[in-house]
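To convert a position in the sequence shown, counted from 1, into the working numbering, add 905. All C-beta atoms in this analysis are idealised placements derived from N, C-alpha and C, irrespective of residue type, glycine included. All remarks here apply to the structure that follows.
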Amino acid sequence: MAHTNRELILKMSRLRSNFYDAVSSLREDYPGLNPKKDVRITFFTKSFSVMDSVILCFIFSDKYLTNDRWWSTIAKQYTLNPPAGLSGSKRIE
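Here it is, written out as structure tokens:
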């Protein structure tokens with residue numbers, strides 16, 4: 906089942922919202938939790954960092970990496986080669 910980056914971004918955003926609701930509920934149900942010592946809070950905090958990074962990667966990929974113009978201008982500055990299959994893509998030597 907193929908997904909577009911936008912579909913993945915929306916799914917990751919919903920998952921992140923669900924995680925936020927879960928950690929908020931956990932903190933509400935157990936107000937005495939020490940966020941630096943409770944593994945559940947640590948799990949959610951680390952998960953937010955990973956999800957945010959993945960969402961940013963998908964956004965960057967959706968906005969730039971599928972754009973031939975990006976590959977023909979910006980990518981040259983960093984000697985990046987476009988992935989095979991992009992129209993008009995030429996390898997930089």
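- Residue 965 counts as exposed, since fewer than 16 other beta carbons sit within 10 angstroms of its beta carbon.
- Taking a contact as a CB-CB distance under 8 Å, the pair residue 967 and residue 911 counts as one, their CB atoms being some 6 Å apart.
- Rounded to the nearest angstrom, the gap between the Cα atoms of residue 984 and residue 962 is 20 Å.
- Runs of the alpha helix (DSSP H) lying entirely within the region 942-979 and spanning at least 4 residues, in chain order: 944-965.
- Residues 969 of the same chain have their beta carbon placed closer than 6 Å to that of residue 975, with the five preceding and five following residues left out of the count.
- Assignment of residue 938 by DSSP, reduced to helix, strand and coil, places it in the coil class.
- It is roughly 7 Å from the alpha-carbon of residue 917 to the alpha-carbon of residue 960.
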